[in-house]
Amino acid sequence: MNILPLIGRHQELFDDDIKNHEEELKRIVSTSRFLVIGGAGSIGQATTKEIFKRNPQKLHVVDISENNLVELVRDVRSSFGYIDGDFRTFALDIGSAEYDAFIQADGAYDYVLNLSALKHVRSEKDPYTLMRMINVNIFNTDKTIQQSIAKGVKKYFCVSTDKAANPVNMMGASKRIMEMFLMRRSGQIDISTARFANVAFSDGSLLHGFNKRIEKMQPIVAPNDIKRYFVIPKESGELCLMSCIFGANRDVFFPKLSESLHLITFAEIAEKYLKQLGYEPYICQSEDEARDKVAALSKE
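Using our numbering, count along the sequence shown one by one with no gaps and you end on 1049.
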């Protein structure tokens, strides 16, 4: 599937930046050691691939999802083959004693990229998941920064969200507090971060849900009164890597709104998505109508 036309673009955002700085990126990556935390999520996988294809000395990837780590390894092997350096994945929870032991045993990295997060606003609806969000987004982040300082890491990068700007929900607030923790530690280690747009078709996103609904022959839901701006997964990886490598201490990176990066409704994307798959969109006025329509069409 070609994602760019679905989000109203025909060119990747960072094409020129990557071309202008490719040689420097290759030089720095190929002589450096990386730890990617949360590396099996959508942004994590995209970032890991950007590092991997530039042949790092060491690339260790940590994530709580064993299955996603397996798929990541299969993906990079199929796409890029092998690197000269040390590439390994570890199915660990960064809040665990096992992760602490892992860092204590090695921990020799030049760059640590923390891409782990609880990112859904709906996760704050109950107090138990909300506390998990606070632990992951704030306290685990601060713990990994302190470990990086103790191990002499050169640079710590952490991904944030556009919802951290004037937050109106706990997810955004947790990321804003996380940024404050980052700045608090910036006197001891160089810190940079990036605030993200929506990553189109990332795991758990509404657009990713389109694929699942079509796969299960279910109607898709797309609000027509909500506009967002989107980056594709590859762009998210490029932004993380460039922010980590080139960002000065305390820098916060974010994509700049322009004619290329503009707001678009989910409904617009849904119609383009269905047409790209060869379907004709049919707009329903209720969930019941949509389910009945799908049931009728499946019998034709």
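Built from N, CA and C at the ideal position, the CB exists for glycine as well.
Note that the coordinates shown come from a computational prediction; the quantities given were computed from them, not determined experimentally.
Item to complete: Using alpha carbons as the reference points, say which of Leu-931, Thr-838 and Met-880 lies closest to Thr-893.
Response: Leu-931
Worksheet item: Counting Cβ pairs, one atom from each stretch, are 3 or more of them under 8 Å apart for the segment 934-949 and the segment 903-916?
Response: yes
Fill in: Whole-angstrom distance between His-1011 and Ile-752, CA atom to CA atom
15 Å
Worksheet item: Which residues does DSSP pair with Arg-977 in a beta bridge?
Response: Ile-1013
Practice prompt. Could you work out which residue in Ile-883, Glu-1036 and Glu-1017 is closest to Pro-1030 when comparing CA atoms only?
Written response: Glu-1017
Worksheet item: Of all the options Lys-798, Arg-925 and Gly-788, which has the alpha carbon lying nearest to the alpha carbon of Ser-865?
Response: Gly-788
Worksheet item: Can you pull the DSSP bridge partners for Phe-836?
Response: Leu-808
Discussion item. Taking the alpha carbon of Ser-985 as the reference point, which residue from Met-920, Phe-950 and Leu-784 has its own alpha carbon closest?
Written reply: Phe-950
Worksheet item: Under a three-way DSSP split, which group does Ser-865 fall into?
Response: coil
Practice prompt. Buried or exposed for Gln-794, please, with buried defined as at least 16 other CB atoms from any protein chain shown within 10 angstroms of its CB.
Written response: buried
Discussion item. With three or more beta-carbon pairs closer than 8 Å as the criterion, would you say the segment 829-841 touches the segment 757-765?
Written reply: no
Fill in: Selected residue, minimal CA-CA separation from Ile-800, among Tyr-860, Lys-924 and Lys-1042
Tyr-860
Practice prompt. Tell whether a beta-carbon distance below 8 Å holds between Cys-1033 and Pro-982.
Written response: no
Discussion item. Going by DSSP in three states, Val-902 sits in which element: helix, strand or coil?
Written reply: coil
Worksheet item: Smallest Cα separation from Lys-965: which of Tyr-978, Ile-940, Val-1043 and Asp-1037?
Response: Val-1043
Worksheet item: Cα separation between Ser-779 and Thr-797?
Response: 14 Å
Worksheet item: Near Gln-896, which residues of its chain fall below 6 Å by C-beta distance, leaving aside the five closest residues on each side in sequence?
Response: Ile-852
Item to complete: Out of Val-870, Asp-952 and Phe-783, point me to the one whose CA is closest to Asp-835's CA.
Response: Phe-783
Worksheet item: How many whole angstroms separate the CB atoms of Ile-940 and Leu-774, which I take to be in contact at a CB cut-off of 8 Å?
Response: That belief does not hold up - the Cβ atoms of Ile-940 and Leu-774 are roughly 20 Å apart, past 8 Å.
Practice prompt. Measure the Cβ-Cβ separation of Ile-963 and Phe-1015 and say whether it is below 8 Å.
Written response: no
Discussion item. What residue range does the alpha helix (DSSP H) around Phe-1003 cover?
Written reply: From DSSP, Phe-1003 is part of no alpha helix (DSSP H); its letter is neither H nor E.
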